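J.: Per this note's numbering, the sequence shown starts with residue 147, numbered consecutively.
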Amino acid sequence: MHTVLAAIAAGLGDDYADTSTTTGRLPRCKKGDGLLSLNDGAARVVIEMTDSARTGWTDYFAEAERNRDAVASLGLVRTIDQNGGQTLRVIGAQRLVLAFDPDNDSADLLRTVIMLLRTTAIATASRKGVHQVATAEEKIAEALAELVKIDSVKKLSATIQRSATKIDSECTGLNSAVRRLLDEALVALAGAHATGPELVNSAEAHGAA
Numbered sequence: 147m148h149t150v151l152a153a154i155a156a157g158l159g160d161d162y163a164d165t166s167t168t169t170g171r172l173p174r175c176k177k178g179d180g181l182l183s184l185n186d187g188a189a190r191v192v193i194e195m196t197d198s199a200r201t202g203w204t205d206y207f208a209e210a211e212r213n214r215d216a217v218a219s220l221g222l223v224r225t226i227d228q229n230g231g232q233t234l235r236v237i238g239a240q241r242l243v244l245a246f247d248p249d250n251d252s253a254d255l256l257r258t259v260i261m262l263l264r265t266t267a268i269a270t271a272s273r274k275g276v277h278q279v280a281t282a283e284e285k286i287a288e289a290l291a292e293l294v295k296i297d298s299v300k301k302l303s304a305t306i307q308r309s310a311t312k313i314d315s316e317c318t319g320l321n322s323a324v325r326r327l328l329d330e331a332l333v334a335l336a337g338a339h340a341t342g343p344e345l346v347n348s349a350e351a352h353g354a355a
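Okay, here's the thing in structure tokens:
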């Protein structure tokens, strides 16, 4: 899983670290198995992995974010049965849980989910009250609304094999729609003057990654 995440991060121009064996800011706490860092840690997404069903994701994410100084979280489980019967579960605007099997699943959806959370992290780390940030947040909300549709499309794929080609095409279209909205969000963020170091490399680099 760490190998897959590191490759996605590299393609986006970000840094990824396996933090599963290291303590964070909290004493003796190792919550947060992986950490995606944007622009030298100016914004961070913490990633938690488990091979079993877990309850209490909200509290777990909250502590993992504090431990890794992150502003967004991604939980990864292997099967939809471990995720309440869903491929993608929304815990909050900045917290998602995805069922992903690195041995069998395409990394396209995982990459799109990470793109959503990294854009959310950039927006959160940017100056509050800036008009461009508000525009970016609207685009992120639209992207999230598109992304959750993928789950229902995937369920159709499992029950209607003869429509698999059409369904795969719809999944591809949803991925494209989400990425377009995230590109628009990054364009808006690029116009916002962030405090401290620049948080956004460029919408062009993001889209091409």
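By construction, the Cβ of each residue, glycine as well, lies at the ideal position given by its N, Cα and C atoms.
Fair warning: this is a prediction, and the values are worked out from it, not measured in the lab.
Between the C-alpha atoms of Ala210 and Ala239, what's the straight-line distance to the nearest angstrom?
T.: The straight-line gap from Cα to Cα measures roughly 16 Å.
J.: Which residues in the same chain as Val217 place their Cβ atom closer than 8 Å to its Cβ, once the five residues preceding and following it in sequence are excluded?
T.: Excluding sequence neighbours, Val217 sits near Ala189, Arg190, Val191, Glu211, Gln240, Thr266, Ala267, Thr270, Ala271.
J.: Can you look up Val217 in the DSSP assignment and give me helix, strand or coil?
T.: Of the three classes helix, strand and coil, the one that applies to Val217 here is coil, per DSSP.
J.: Which residues bound the alpha helix (DSSP H) around Leu150?
T.: Note that residue 150 corresponds to Val in the displayed sequence, not to Leu. Segment 148-158, the alpha helix (DSSP H) holding Val150.
J.: Please return the same chain residues whose Cβ sits closer than 6 Å to the Cβ of Ser183, not counting the five positions on each side in sequence.
T.: Around Ser183: Asp161, Arg190.
J.: So what does DSSP say about Ala239, is it helix, strand or coil?
T.: The answer is coil: DSSP assigns Ala239 none of H, G, I, E or B.
J.: Could you pull the start and end residues of the alpha helix (DSSP H) that Asp254 belongs to?
T.: Per DSSP, Asp254 belongs to the alpha helix (DSSP H) from 254-271.
J.: Do you know offhand how far Thr165's Cα is from Asp179's?
T.: Their Cα atoms are separated by approximately 5 Å.
J.: Answer with buried or exposed for Thr258, where buried requires no fewer than 16 other C-beta atoms within 10 angstroms of its C-beta.
T.: Burial call: buried.
J.: Sorted by chain position, which residues of the same chain lie with C-beta nearer than 8 Å to Ile154's C-beta, five sequence neighbours on each side aside?
T.: If we look at Ile154 and ignore the five residues flanking it on each side, its Cβ neighbours are Tyr162, Ala253, Leu256, Arg257, Ile260.
J.: Under the three-state reduction of DSSP, which class applies to Gly319: helix, strand or coil?
T.: Helix at Gly319.
J.: Between the Cα of Ala291 and the Cα atoms of Leu320, Met195, Gln228, which residue gives the shortest distance?
T.: When each option's Cα is compared against that of Ala291, the closest is Leu320.
J.: With distances taken Cα to Cα, identify the nearest neighbour of Val236 among Leu151, Asp197, Trp203.
T.: That would be Trp203, whose Cα lies nearest to the Cα of Val236.
J.: Around the C-beta of Asp329, are 16 or more other C-beta atoms found within 10 angstroms, so that it is buried, or is it exposed?
T.: By the neighbour-count rule (16 or more Cβ atoms within 10 Å), Asp329 is buried.
J.: Whose C-alpha, out of Thr201, Ala287, Thr233, Ala152, is nearest the C-alpha of Ile193?
T.: Here the closest residue by C-alpha is Ala152.
J.: Strictly by DSSP, which residues pair up with Glu209?
T.: Paired residues: none, contrary to the question.
J.: Establish whether the CB of Thr318 and some CB of chain B are separated by less than 8 Å.
T.: No chain B appears in this structure, which consists of one protein chain only.
J.: Measure from the alpha carbon of Ala199 to the alpha carbon of each residue in Val324, Gln228, Lys176, then state which is nearest.
T.: For the residues Val324, Gln228, Lys176, the minimum Cα distance to Ala199 belongs to Gln228.
J.: Taking the straight line between their C-alpha atoms, what separation do you get for Leu263 and Leu335?
T.: Whole-angstrom Cα-Cα distance: 14 Å.
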